[in-house]
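K.L.:
Numbering (this note's numbering), first residue to last: 150 to 701.
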């Protein structure tokens, strides 16, 4: 009895934590649980990174180091988090999202706790920079990827709300961590943060994989069976694909079948039309396969290897000019993502603020970022706007606000700049990775394999941003100079972002022209109904039939 109860409980747990199968993108369901998990992942990943500025003076005094040397801790962390994105993508596609995120949560906690016992800044490069940085990568990317698969129409608003976790962390946790640090010291405060980060392991356990399996009609059930997942990991990583009839026949084979059936009886027009449609569909699928946009399901009689047909990492996107420009946008824009949070408190102190009031600048920035994320999510969901144009506008304005930081001299000016920066940063940060799922950049099919490449390219700016600002501060003695490099990077990012859609449209037009040029000769040879019927309806002993057989 006890054994049966235990087996029943195990079956219930397996059913609750197994893959979710839907006939179409659910736009909800278990996706809401994934959204909550992503919220807390954001709190203990990007939220902690952006709060690191509260330890800047403590680390400089403890290890007798300069601004630039201490800022390398954040830079190495951001670089490892982004540079190892392809590894995170491959591991997620191979083992599933859930185990990768859980291991990442353990690494984050381990690195942060060990940093509390570091005896030099070089040791913190390893603990926070490498160990925690790798954990951040293994938790953030898989979570946002699976969240994008659970939502379609509501993707923008849900992603915006869930990604506001980092803003909530900065708004609420910066004052809390500052108070804890003042009471128990920065070392014990790091240990407390590391213990809290263990909750990411629980968030990873909630990431149930999703399978989109369209319902079969009666006509399709006999001719196009869906391929069942062959293993555990394939089941966990089966992506949203549109099933295509795998039993497509060529036009020549349809002619043979028509002649073999009924002894040359005359086929109806619907049969001929269906044959032509199937032939065109086969050509279209072959073209998509050659371009790397997807794979057509193999015929049921042919054995398939799932690991061979699904790409763990898609480097073919680097041949897409639009994606290359979008990656360059991410590369340069990242220069302005982390340095302002690191130096804004010291900028306020240098402009006459008390050190106790300086954390209010970070809180203002975080509160405005929450509003920005929610606003852009609502805007893109409710209004028929082209999302990439909204992202471009916010990036241009963000570059202007970064320049304004260097011009203001009092608290209220800095507070206004922090509010504007937070609002615009929220709009950019909540949309630039989900934008890969839009057709203006790549599309939802290619996003899971390409997001690692995109974030890896970003990593180099994450490595250079904070130290570059620190060098400028050390050379000039003015914390405002750190914002110049951020403004230049954001401006270059806006320039490349503006080139994405024109390049995408140019590539599409060129592909259409090539297709029309290739199809025009074949149309002229197949549009003659007399020749087509002569071949299909010719008798067994006719000269036309014998000639056709000799050609075949």
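Yeah, the Cβ is synthetic: ideal placement off N, Cα and C, and Gly gets one too.
With distances taken from CA atoms, which of 295, 286 and 588 is nearest residue 475?
P.N.:
Working through the chain shown from its first residue, we reach residue 475 at position 326. Of 295, 286 and 588, the residue nearest in Cα terms is 588.
K.L.:
Terminal residues of the continuous beta strand (DSSP E) containing residue 341?
P.N.:
Taking the first residue of the chain shown as 1, we reach residue 341 at position 192. Per DSSP, residue 341 belongs to no beta strand (DSSP E); it is in the alpha helix (DSSP H), 335-345.
K.L.:
Buried or exposed: where does residue 167 fall if 16 or more other Cβ atoms within 10 Å of its Cβ makes it buried?
P.N.:
Taking the chain shown and counting its residues from 1, the one referred to as residue 167 is at position 18. Label assigned to residue 167: exposed.
K.L.:
Let me know if residue 332 comes out buried or exposed under the rule of 16 or more other beta-carbons within 10 Å of its beta-carbon.
P.N.:
Here residue 332 is taken as the residue at index 183 of the chain shown, counted from 1. That one is exposed.
K.L.:
Just mark residue 325 as buried or exposed, buried being the case when its beta carbon has 16 or more other beta carbons within 10 Å.
P.N.:
Walking along the chain shown from the start, residue 325 turns up at place 176. Residue 325 should be labelled exposed.
K.L.:
Considering only the beta carbon of each residue, do residue 519 and residue 317 sit closer than 8 Å?
P.N.:
Sequence index remark: in the chain shown, residue 519 carries index 370 (1-based). Sequence index remark: in the chain shown, residue 317 carries index 168 (1-based). Result yes, Cβ atoms of residue 519 and residue 317 sit closer than 8 Å.
K.L.:
If you compare alpha carbons, which of 196, 363, 327 and 266 is closest to residue 285?
P.N.:
Against the chain shown, residue 285 aligns to sequence position 136. Among 196, 363, 327 and 266, the Cα nearest to that of residue 285 is on 196.
K.L.:
Ignore the nearest five residues each way along the sequence and tell me which others in residue 247's own chain have a CB closer than 7 Å to its CB.
P.N.:
Within the chain shown, numbered from 1, the residue matching residue 247 stands at position 98. Excluding residues within five positions, the ones whose Cβ falls inside 7 Å are 353, 354 and 356.
K.L.:
Quick one: Cα of residue 373 to Cα of residue 237, how far?
P.N.:
Here the question's residue 373 lines up with position 224 in the chain shown. Here the question's residue 237 lines up with position 88 in the chain shown. Bear in mind that the predicted position of residue 373 carries a pLDDT of just 47, short of 50, making it unreliable; the figure below should be weighed with that in mind. Rounded to whole angstroms, residue 373 to residue 237 spans 34 Å at the Cα level.
K.L.:
Exposed or buried, which one is residue 506 when buried takes at least 16 other CB atoms within 10 Å?
P.N.:
Walking along the chain shown from the start, residue 506 turns up at place 357. When all chains shown are included, residue 506 counts as exposed.
K.L.:
Residues in the same chain with beta-carbon distance under 6 Å from residue 554, minus the five sequence neighbours each way, listed in chain order, please.
P.N.:
On the chain shown, residue 554 is found 405 positions in, with the first residue counted as 1. If we look at residue 554 and ignore the five residues flanking it on each side, its Cβ neighbours are 566 and 632.
K.L.:
By a C-beta neighbour count over all protein chains shown, 10 Å radius and 16 as the cutoff for buried, is residue 561 buried or exposed?
P.N.:
Position 412 of the chain shown, counted from the start, is the residue given in the question as residue 561. With fewer than 16 Cβ atoms within 10 Å of its Cβ, residue 561 is classed as exposed.
K.L.:
Under the rule that 16 or more other beta-carbon atoms within 10 Å means buried, what is residue 404, buried or exposed?
P.N.:
For the purposes of this step, residue 404 is taken as the residue at position 255 of the chain shown. With a pLDDT of only 39 at residue 404, under the threshold of 50, the placement of this residue in the model should not be trusted; the figure read from the coordinates follows. When all chains shown are included, residue 404 counts as buried.
K.L.:
Candidates 190, 216 and 209: which alpha carbon is nearest residue 626's?
P.N.:
Walking along the chain shown from the start, residue 626 turns up at place 477. Ranking the options by Cα distance to residue 626, first place goes to 216.
K.L.:
When you compare each of 621, 509 and 292 to residue 323 by their alpha carbons, which one comes out closest?
P.N.:
For the purposes of this step, residue 323 is taken as residue 174 along the chain shown, with counting starting at 1. Closest option to residue 323, Cα to Cα, is 509.
K.L.:
Using DSSP with H/G/I as helix, E/B as strand and the rest coil, what is residue 252?
P.N.:
In the chain shown, the residue the question calls residue 252 occupies position 103. Correct three-state label for residue 252: helix.
K.L.:
Can you check DSSP and say which residues form a bridge with residue 169?
P.N.:
Within the chain shown, the letter at position 20 stands for residue 169. According to DSSP, residue 169 bridges with 359.
K.L.:
Between 350, 204, 275 and 214, which lies nearest to residue 338 when the distance is taken from Cα to Cα?
P.N.:
Along the chain shown, read from residue 1 onward, the residue named residue 338 stands at position 189. Per the Cα distances, 204.
K.L.:
Looking only at its chain, what residues have a beta carbon closer than 7 Å to the beta carbon of residue 192, apart from the 5 residues adjacent to it on each side?
P.N.:
Position 43 of the chain shown, counted from the first residue, corresponds to residue 192. Here the set comprises 314, 315, 317 and 318.
K.L.:
For a quick check, are the C-beta atoms of residue 484 and residue 639 less than 8 Å apart?
P.N.:
Start at 1 with the first residue of the chain shown, and residue 484 comes out as number 335. Start at 1 with the first residue of the chain shown, and residue 639 comes out as number 490. Going by C-beta atoms, residue 484 is nearer than 8 Å to residue 639.
K.L.:
With distances taken between CB atoms, is the gap from residue 571 to residue 514 smaller than 8 Å?
P.N.:
Walking along the chain shown from the start, residue 571 turns up at place 422. Walking along the chain shown from the start, residue 514 turns up at place 365. Cβ atoms of residue 571 and residue 514: closer than 8 Å.
K.L.:
Within 8 Å, do at least three Cβ pairs link the segment 604-617 to the segment 217-232?
P.N.:
With the cut-off at 8 Å, the segment 217-232 and the segment 604-617 touch.
K.L.:
Tell me the DSSP secondary structure of residue 406 in three-state form.
P.N.:
For the purposes of this step, residue 406 is identified with residue 257 of the chain shown, where counting begins at 1. For residue 406, the pLDDT reaches just 44, beneath the cut-off of 50, and the residue's location in the model is therefore unreliable, although a value from the coordinates is still provided. Three-state DSSP puts residue 406 in a helix.
K.L.:
Enumerate in chain order the residues of its own chain whose CB-to-CB distance from residue 614 is below 6 Å, with the five nearest sequence positions on each side excluded.
P.N.:
The count along the chain shown starts at 1 and reaches residue 614 at position 465. Here the set comprises 484, 487 and 488.
K.L.:
My guess is that residue 256 and residue 297 are in contact by the Cβ rule of under 8 Å, so how many angstroms apart are they, rounded?
P.N.:
Locating residue 256 in the chain shown gives position 107, where the first residue counts as 1. Locating residue 297 in the chain shown gives position 148, where the first residue counts as 1. Not confirmed; about 24 Å, so no contact.
K.L.:
Would you tell me roughly how many angstroms separate the C-alpha atoms of residue 645 and residue 244, rounded to the nearest one?
P.N.:
Translated into positions along the chain shown, residue 645 becomes position 496. Translated into positions along the chain shown, residue 244 becomes position 95. When rounded, the distance between both Cα atoms is 35 Å.
K.L.:
Tell me which residue opens and which closes the alpha helix (DSSP H) that residue 542 is part of.
P.N.:
Within the chain shown, the letter at position 393 stands for residue 542. Residue 542 -> alpha helix (DSSP H) spans 536-554.
K.L.:
Return the residue from the list 348, 577 and 335 that minimises the CA-CA distance to residue 190.
P.N.:
Taking the chain shown and counting its residues from 1, the one referred to as residue 190 is at position 41. For the residues 348, 577 and 335, the minimum Cα distance to residue 190 belongs to 348.
K.L.:
Tell me whether residue 540 is buried or exposed, calling it buried when 16 or more other Cβ atoms sit within 10 Å of its Cβ.
P.N.:
Stepping through the chain shown from its first residue, residue 540 is reached at position 391. It counts as buried.
K.L.:
Return the chain-ordered list of same chain residues with a C-beta closer than 8 Å to the C-beta of residue 601, the five sequence neighbours on each side being excluded.
P.N.:
Residue mapping note: residue 601 aligns to position 452 of the chain shown, counting from 1. Excluding sequence neighbours, residue 601 sits near 234, 235, 236, 237, 238, 239, 290 and 462.
K.L.:
Which of the three DSSP states is assigned to residue 175 in this structure?
P.N.:
Against the chain shown, residue 175 aligns to sequence position 26. Three-state DSSP puts residue 175 in coil, outside helix and strand.
K.L.:
With a threshold of 16 other CB atoms inside 10 Å of the CB of residue 188, please say whether the residue is buried or exposed.
P.N.:
Along the chain shown, read from residue 1 onward, the residue named residue 188 stands at position 39. By the neighbour-count rule (16 or more Cβ atoms within 10 Å), residue 188 is buried.
K.L.:
Can you name the start and end residues of the alpha helix (DSSP H) that residue 199 belongs to?
P.N.:
To locate residue 199, count along the chain shown from 1; it is residue 50. Segment 195-199, the alpha helix (DSSP H) holding residue 199.
K.L.:
Starting from the C-beta of residue 522, find all residues in its chain whose C-beta is less than 8 Å away, skip the five residues before and the five after it, and write them out in chain order.
P.N.:
The residue given as residue 522 occupies position 373 in the chain shown. 309, 310, 312, 313, 316, 575, 576, 578 and 579.
K.L.:
Quick check on DSSP: helix, strand or coil for residue 214?
P.N.:
If you number the chain shown from 1, residue 214 lands on position 65. Coil at residue 214, not helix or strand.
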